[in-house]
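*Asks:* Supplied in structure tokens, the structure appears directly below.
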Amino acid sequence: MSASKTFYIETFGCQMNAHDSEKVVGTLERQGYAQVVDEADAGLILYNTCSIRDKAEQKVFHRLNEYKKLQGEGKKFGVLGCVAQQEGEAIFDRAPYVSLVAGSASYRKLPEMLARLEAGETRITGLDDRQTDETFETEFTARTNPHRGYITIIEGCDKFCAYCVVPYTRGKERSRTSDSVIEEARRMADSGFTEVQFLGQNVNSYRDPSGKKSFAELLVAVGELPGMRRVRFTTSHPRDFTRDIVEAIDATPTLCDHVHLPVQSGSSQVLSLMAREYTREQYLERISWIKAARREISMTTDIIVGFPGETDADFEQTVTLLGEVGYDAVFAFQYSPRPNTPSLVMPDSTPPQMKSERLQILMDRQREIQRVSYGRHLGEVMEVMVEGYNPQRGQVTGRSSQNKTVNFTTGSLIQPAKGNYLPVRITQTFPNSLVGEAVNGGANAAASAIPCIQNEVEAAFIG
Ligand code: SAH
Ligand code: SF4
Ligand code: F3S
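Numbering (our numbering), first residue to last: 266 to 728.
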């Protein structure tokens, strides 16, 4: 294989990006490229980038600078993802050794762009003008985990929250047909997948272009496929969160008992400045639907601290919301001003020092809540999907249906294989994880003689 037909890809950002990369890898392999794990061995180096906060974007340019050292060996560089779409052709000026700049709404054109790259073109762009209605669907997805996999059901965003780059980097909101989603899930189940996770910037804003199924009906249809044991979905937008989603979870055991519902702020005043299109009360109404379910549904959220105009009293309302809801995890971020967004020009008199203090107060409060609330699982037996083995601690690691990390022992030297489901009794609880013992030593599990390597912990948010 010639060096030019090898590629290396590095991925930043949310699950959408991780899954896009799986589709890009499959597309490249289809075009005769082979993936390598060391950039030094690659003819083509790709970067799938994120620009949700300034730090994420800086990381990309920092890595691009490092790549400069590899120049002069006939290597080609491409920048994909949200920074590519946001910065466009300016990337060529900043990093002249880059020959390809393509945002996610252009990936369908990748085979054509690759052909131009091979023909020696040096400034190839695939940039979106928020016009495309197409989604990136391919049967050549190179999924990295054989047991659980992502399915993007809706791309883009039309919500335009005041602080957020996503509507500018991911194009307009567009859904796949329910038939095509069900077909993909069926193929995955037939080839051994037992867990799927629906993805979308706002997954529950899904609108079937064929008009056949609502989001909740699509969840149920996939949850009822033979062989399917777990169906997850992320991220839900509070404005589009409807009661039938809770009813679907209640009625369908394969739908996981977890909802990630980003609130961003506990103050209606700040929510209005953010253009979130719901109030604290409306958000709490949705939470009350979730709490009224027959199954206990775990709730997690995202919060932005220090949005322009946030007062001490606003912040206090976010802190009290934590106690009122009782989240199992909170992903809190300090507000980061982003290019092109309306909040960039909003007056902001809160000193950065005060913003980081607020973030710390919030995280300390939440940790205390979780320290106490995770205790409710003590003694419970829960089904855990095996994800790996941690040899240092001698523990198998896995996840519960509520998406909690469970570390457990089996009482056997031979570890259960990844992808197995085992009943585990919880013997100890921490603010972010549970510890337990497999019931019956995990006797029913298929064994793996070679201890598996622990998976990386995933980012639990999506952009
Ligand atoms: N579509 C989802 C989440 C989008 S992005 C939603 O609307 O809820 C993922 C998370 O990044 C957001 O929930 C938000 O908390 C955070 N985020 C987005 N833009 C940000 C910014 N400019 N500064 C800080 N955090 C931000
Ligand atoms: Fe869209 Fe979510 Fe960003 Fe709002 S925060 S613009 S809903 S991706
Ligand atoms: Fe980042 Fe784009 Fe996702 S900005 S969080 S990679 S949608």
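Even glycine gets a Cβ: it sits at the ideal position worked out from N, Cα and C.
Source: prediction; values computed, not measured.
1. Spell out the partners DSSP gives K478 in its beta bridges.
2. Tell me whether L643 is buried or exposed, calling it buried when 16 or more other Cβ atoms sit within 10 Å of its Cβ.
3. Could you tell me which residues DSSP pairs with A516 in its beta bridges?
4. Under the criterion of a Cβ to heavy atom distance below 7 Å, does D567 qualify as lining the ligand SAH?
5. Is the beta carbon of T271 sitting closer than 8 Å to the one on A305?
6. Name all residues in chain order for which at least one heavy atom of the ligand F3S lies closer than 6 Å to the residue's CB.
7. Just checking my contact of M493 with A450 at CB under 8 Å: how many whole Å lie between their CB atoms?
8. May I ask whether a heavy atom of the ligand SF4 can be found less than 7 Å away from the beta carbon of F401?
9. Under the rule that 16 or more other beta-carbon atoms within 10 Å means buried, what is H327, buried or exposed?
10. Reducing DSSP to helix, strand and coil, say where Q536 ends up.
11. So M611 is in the alpha helix (DSSP H); what residue range does that whole segment cover?
12. At the level of alpha carbons, what is the spacing between I416 and S614?
13. Reducing DSSP to helix, strand and coil, say where Q719 ends up.
14. Going by the beta-carbon positions, is the gap between F401 and S369 smaller than 8 Å?
15. Can you tell which of S470, L687, G339, A321 has its C-alpha closest to the C-alpha of T674?
16. How is the alpha helix (DSSP H) around A450 delimited, first residue to last?
17. Decide yes or no for the touch test of the segment 371-380 against the segment 418-427: beta carbon pairs closer than 8 Å, at least 3 of them.
18. I need the boundaries of the alpha helix (DSSP H) containing A578, first residue and last residue.
19. My assumption, with CB atoms under 8 Å, is that I552 sits in contact with G588. Please give the rounded CB distance.
20. Three or more beta-carbon pairs under 8 Å between the segment 283-296 and the segment 333-340, yes or no?
21. Determine, using beta carbons only, whether C426 and A540 come nearer to each other than 8 Å.
22. For the beta strand (DSSP E) that contains E402, what are its first and last residues?
23. Out of curiosity, what's the CA-to-CA distance linking G488 and I679?
24. CB T403 to CB G291, shorter than 8 Å?
25. Any heavy atom of the ligand GTP closer than 7 Å to the beta-carbon of H525?
26. Assuming S677 and G653 are in contact, meaning their beta carbons sit under 8 Å apart, how far apart are those beta carbons, in whole angstroms?
27. Is DSSP giving D567 helix, strand or coil here?
28. Is T585 buried or exposed, if buried means 16 or more other CB atoms sit within 10 Å of its CB?
29. Leaving out five residues on either side along the sequence, give the residues of the same chain with a beta carbon under 7 Å from the beta carbon of H284.
30. Counting Cβ pairs, one atom from each stretch, are 3 or more of them under 8 Å apart for the segment 491-509 and the segment 522-533?
31. Answer with buried or exposed for P491, where buried requires no fewer than 16 other C-beta atoms within 10 angstroms of its C-beta.
32. So for M281, helix, strand or coil by DSSP?
33. Does the beta-carbon of E575 have 16 or more other beta-carbons within 10 angstroms, so that it is buried, or is it exposed?
34. Measuring only from the beta carbon, is H502 closer than 7 Å to any heavy atom that is part of the ligand SF4?
35. Less than 8 Å separating the beta-carbons of N467 and D505?
36. Which same chain residues, not among the five before or five after E645, have their C-beta less than 7 Å away from its C-beta?
*Replies:* In short:
1. Beta-bridge pairing links K478 to no other residue.
2. Exposed, by the Cβ-count rule.
3. Its beta-bridge partners do not exist; DSSP assigns none.
4. Within the cutoff, so yes.
5. No, the pair does not count as a contact, with Cβ atoms beyond the cut-off.
6. Every residue passing the under-6 Å Cβ criterion appears here: G278, C279, M281, N282, C315, S316, I317, G346, C347, V430, V431, T434, R435, G728.
7. Right, the Cβ-Cβ distance comes to about 7 Å (below 8 Å), so this counts as a contact.
8. Between the ligand SF4 and F401, a heavy atom-to-CB distance of less than 7 Å is absent.
9. So H327 counts as exposed.
10. The question names Gln, but residue 536 is Leu in the sequence shown. In the structure shown, L536 sits in a helix (DSSP, three-state: H, G or I).
11. Annotation for M611: no alpha helix (DSSP H) segment contains it, and DSSP assigns it neither H nor E.
12. Cα to Cα, I416 sits roughly 42 Å from S614.
13. Caution applies to Q719, whose pLDDT of 34 falls short of 50 and renders its modelled position unreliable; the model cannot decide the point.
14. Cβ atoms of F401 and S369: closer than 8 Å.
15. For the residues S470, L687, G339, A321, the minimum Cα distance to T674 belongs to L687.
16. Where A450 is concerned, the enclosing alpha helix (DSSP H) stretches over 443-455.
17. Taking 8 Å as the limit for Cβ pairs, the verdict is that the segment 418-427 does not touch the segment 371-380.
18. Per DSSP, A578 belongs to the alpha helix (DSSP H) from 577-590.
19. Not really, about 12 Å apart at Cβ, beyond 8 Å.
20. The segment 283-296 vs the segment 333-340: no contact.
21. Yes, the pair counts as a contact, with Cβ atoms nearer than the cut-off.
22. No beta strand (DSSP E) holds E402; DSSP gives it neither H nor E.
23. Within the model, the alpha-carbon separation for G488 versus I679 is close to 32 Å.
24. Taking C-beta atoms as the reference points, T403 and G291 count as a pair closer than 8 Å.
25. For the structure depicted, the ligand GTP is absent and the ligand set comprises only the ligand SAH, the ligand SF4 and the ligand F3S.
26. Between G653 and S677 the Cβ distance is about 16 Å, and since that is not below 8 Å, they are no contact.
27. In the structure shown, D567 sits in a strand (DSSP, three-state: E or B).
28. Label assigned to T585: exposed.
29. Here H284 has Y415, T417, L464 as same chain residues with Cβ atoms under 7 Å from its own Cβ, once five neighbours each way along the sequence are excluded.
30. Remark: three or more beta-carbon pairs, one from each stretch, lie closer than 8 Å, so the segment 491-509 and the segment 522-533 are flagged as touching.
31. Counting the other Cβ atoms within 10 Å of the Cβ of P491 gives fewer than 16, which makes it exposed.
32. M281: helix per DSSP, three-state reduction.
33. With 16 or more Cβ atoms within 10 Å of its Cβ, E575 is classed as buried.
34. Correct: H502 has its Cβ closer than 7 Å to the ligand SF4.
35. Yes; because the gap between Cβ atoms is below 8 Å, this pair is in contact.
36. The answer, listed in chain order, is I691.
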